[in-house]
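Residue numbers (full-length UniProt numbering): 1 to 309.
Backbone N, C-alpha and C define an ideal beta-carbon position, used for all residues, glycine too.
Below: the structure, in structure tokens.
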């Protein structure tokens, strides 16, 4: 492993038995091989092997099939610019660039795809955007009053990405988004309305209280003088509550006689029938109760009338 070793690269083209050695070992650096434009053929596969030689002998690597179109790494894009564009919906940044001068895209043998990345100056993470084949890209929704960095790179459709371009700086203007300004106005207006309502309620507090919570009248007895309660005379309070002339002072004996007269007549009309009537007629011969009042059940005249019926 410590013996001096030399390396040599050999290649042959597709469908050819001729073997060629690397045309330039110096331009690309140590342990490399450089193919200039004259030594490079498109759409042809290269069969490449590397031979290592030292005092112990030679060793040949496994062959590698290479298609030039799939291993191209282009140069970086050029003339990168970042311009702030002002519109009604808010400002945005338009990043534009040009293709590498060495990339022959007009002939159609190579198509370049572009990618850019943006970040704030103090941030660590980049945000990447794919621009496709177009040579500009609009970046929206960036923070106002901040400084940003942008870089661009490119690659062929089947190759490798180029290096990133040098950093381009730009600064977003200080502005307030439209939706945010609308909410600010709504908030200020709402606070103003609340302050006005609070002031109005404070000034007219008594009127509002009477309107929302009217006073409840105290208990009161109709025809009763509340000054009697304050005087503390219980007899006068009781007399004022008693209804004069109740109950009525009527002759209870007269009422009882009239009631018995009506009750006896109706009872005898409903109960008396043939046999009962005879028995009642026999009982009528007993001495009459003169103290029972007029129209009692042993009245001879009443029994005689019933017996005749």
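Does DSSP put residue i in a helix, a strand or coil?
| i | result |
| --- | --- |
| residue 96 | strand |
| residue 129 | strand |
| residue 149 | strand |
| residue 69 | helix |
| residue 13 | strand |
| residue 167 | coil |
| residue 311 | Beyond the ends of the chain as shown, which are 1 and 309, falls residue 311; an answer cannot be given. |
| residue 138 | strand |
| residue 45 | strand |
| residue 37 | helix |
Leaving aside the five residues before and after residue i along the sequence, list all residues of the same chain whose C-beta is less than 8 Å from its C-beta, in chain order.
| i | result |
| --- | --- |
| residue 160 | 71, 72 and 73 |
| residue 63 | 47, 48 and 49 |
| residue 167 | 149, 150 and 151 |
| residue 127 | 117, 118 and 119 |
| residue 104 | 110 |
| residue 69 | 42, 43, 109, 110, 156, 158 and 159 |
| residue 143 | 120 and 172 |
| residue 129 | 115, 116, 117, 118, 137 and 139 |
| residue 58 | 51 and 52 |
Quick one: what's got a C-beta closer than 7 Å to residue i's C-beta in the same chain, skipping five residues either side?
| i | result |
| --- | --- |
| residue 4 | 54 |
| residue 34 | 24, 27 and 28 |
| residue 92 | 85, 138, 139 and 140 |
| residue 6 | 53 |
| residue 131 | 114, 115, 116 and 137 |
| residue 60 | 49 and 51 |
Look up residue i in the DSSP assignment and give the residues it is bridged to.
| i | result |
| --- | --- |
| residue 59 | 52 |
| residue 194 | BP columns for residue 194 are empty, so no partner. |
| residue 155 | 113 |
| residue 82 | 95 |
| residue 7 | 52 |
| residue 21 | 10 |
| residue 341 | A query on residue 341 cannot be resolved here, the shown segment of the chain reaching from 1 to 309 and no further. |
Tell me which residues share the same chain as residue i and place their Cβ nearer than 6 Å to its Cβ, disregarding the 5 neighbours each side in the sequence.
| i | result |
| --- | --- |
| residue 268 | Its pLDDT being 49, under 50, residue 268 is placed unreliably in this model, and the value from its coordinates should be taken loosely. Here the set comprises nothing. |
| residue 147 | 121 and 171 |
| residue 13 | 44 |
| residue 8 | 51 |
Would residue i be called buried (16 or more neighbouring beta carbons within 10 Å of its own) or exposed?
| i | result |
| --- | --- |
| residue 162 | buried |
| residue 77 | buried |
| residue 169 | exposed |
| residue 90 | buried |
| residue 165 | buried |
| residue 11 | buried |
| residue 191 | exposed |
| residue 194 | exposed |
| residue 95 | buried |
| residue 270 | The predicted position of residue 270 is uncertain, since its pLDDT is 46 and thus under 50; a value taken from the coordinates is nonetheless stated next. It counts as exposed. |
Inspect the CB distances between the segment 40-59 and the segment 73-90 and report whether three or more fall short of 8 Å. no
Taking 8 Å as the threshold, find out whether the segment 97-105 comes into contact with the segment 129-146 through three or more Cβ pairs. yes
Segment contact flag, the segment 104-119 with the segment 145-158, C-beta cutoff 8 Å, min 3 pairs: yes
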